Amino acid sequence: MNPQDPWRLNADLHCHSSISDGTLAPEAVVARAHEKGVQLLSLTDHDELAGQARAQAKARELGLPYVAGVEISITWAGETIHVVGLDVDPNNPELIDGVARTRDGREERAKEMAEQLRAVGIEGAYEGALRYVGNPELISRTHFARFLVETGVCADVSEVFQRYLSEGKPGFVPHRWARLGQALSWISIAGGVAVLAHPGRYRLDDTALWALISEFREAGGTGIEVVCGSHTRDQYARFAGLAREFGLRASRGSDFHGPGESHVELGQLPPLPDSVVPVWYDWALARQ
Ligand code: AMP
Ligand code: MN
Ligand code: MN
Ligand code: MN
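Here the numbering used here is used: the first residue of the sequence shown is 188, the next is one more, and so on.
What follows is the structure, given as structure tokens:
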């Protein structure tokens, strides 16, 4: 046993496969993470655990420490917020059922999105988006974005979100996801820890963000993402400060969705600041 310094461990605890809106199969995500020097990995597909056994098997084959994960969509104060569940039992029936109910309604939402896009002159978006879907139960805005890029409507995925798929834009359909308390209880029943995903990305002012983090902590949340694919360096410092203030642990994750699409590669982010405690600090797997 050669105990690692937990602060220097190359942990990537947030990424996606084709089981949700990533482009690589679960095995390929794990193999790539291994190649890129990741030392502790979690695949965290949106509202879906179907990739976990495959990811786990590949990680075992490569000798890469792995914890099962999931990114659950919730609605809080009218905003969509994401909570990552880490080191969960992917076979836990309550968690499986909870995320299945959270997935429910995506198909209907997608059809409404396509209707709205048709109204602004974009035909066939539902069928088009479906061509990119790896899991019929998980059609997401990302799949629409890929279709609109492929057909030349927009130059890249972020332009699609800006022009069509964010709130107030012609292809945006509001959706009610899980409640914060539900998501946290499913994660906890499945033996995992809850981490607030990319807190810098929400359209919340300081007061609302403070309320969200308080409520998250009260409901049993363990950590927040500090170093992640959507944060700037200033935000690393800001969220490290909030983690300390709230007594929460810190997580690190690229939110990788696929080569060429994600701006952050697996395992390439800077380490966590020394001032916070890594969420994996006392995990046996992180000390092998
Ligand atoms: P959905 O769960 O269907 O609402 O889709 C949400 C997903 O869309 C997120 O997980 C991201 O992968 C992607 N996404 C959201 N906003 C953006 C953006 N501005 N640029 C690129 N991808 C985005
Ligand atoms: Mn995504
Ligand atoms: Mn997210
Ligand atoms: Mn994500």
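Where a beta carbon is used, it is the ideal one built from N, C-alpha and C, also for glycine.
Treat the numbers as computed from the prediction; the structure is a model and nothing was measured.
Check                                                                                              : Outcome
Own chain, CB closer than 7 Å to R363, minus 5 neighbours either side, in chain order              : T262
Close beta carbons around N189, own chain, < 6 Å, minus the five adjacent residues each side       : Unreliable positioning characterises N189 in this predicted model, as indicated by a pLDDT of 44, which lies under 50. The coordinate reading is nonetheless provided below. Same-chain partners within the cutoff: there are none.
R420 burial status per 10 Å Cβ neighbour count (16 or more: buried)                                : exposed
CB of A406 within 8 Å of CB of G368, strictly                                                      : yes
Proximity of A255 and D284 at Cβ, strictly below 8 Å                                               : no
Expected contact under 8 Å - CB spacing of F426 and V413 to nearest Å                              : 5 Å
A381 Cβ short of 7 Å to ligand 3 heavy atom set                                                    : no
Closer than 7 Å: residues whose CB approaches a heavy atom of ligand 5                             : Ligands displayed in this structure: ligand 1, ligand 2, ligand 3 and ligand 4; ligand 5 is not among them.
Distance between R318 and G238 (C-alpha atoms, nearest Å)                                          : 19 Å
Member of H330, G440 and E354 whose CA lies at the smallest distance from the CA of D343           : H330
Counted within 10 angstroms of its Cβ, other Cβ atoms place S462 as buried (16 or more) or exposed : exposed
Expected contact under 8 Å - CB spacing of V225 and L453 to nearest Å                              : 6 Å
Simplified DSSP state of I374, which is helix, strand or coil                                      : helix
A384 Cβ short of 7 Å to ligand 4 heavy atom set                                                    : yes
Given G355 as reference, the closest of L282, Q303 and D208 once Cα atoms are compared             : Q303
Stretch pair the segment 332-349 + the segment 371-386: three plus CB contacts closer than 8 Å     : no
Test item: CB-CB of T289 and I268 under 8 Å                                                        : no
Through-space distance from E310 to V451, alpha-carbon basis                                       : 32 Å
Nearest neighbour of N197, chosen from L456, T394 and A218 [CA to CA]                              : L456
For E266 and R505, believed in contact at Cβ under 8 Å, the rounded distance                       : Missing from the structure shown is residue 505; the chain here goes from 188 to 475 and no further.
Under 8 Å between C-beta atoms of L371 and G408                                                    : yes
Residue nearest to S207 in terms of C-alpha spacing, selected from A473, Q243 and D442             : D442
Local conformation of G428 per DSSP, three classes                                                 : helix
Sub-8 Å separation of V217 and A240 beta-carbons                                                   : no
Helix, strand or coil at E452 [DSSP, three-state]                                                  : coil
Delimiting residues of the alpha helix (DSSP H) encompassing S207                                  : S207 -> no alpha helix (DSSP H), and no H or E assigned at all.
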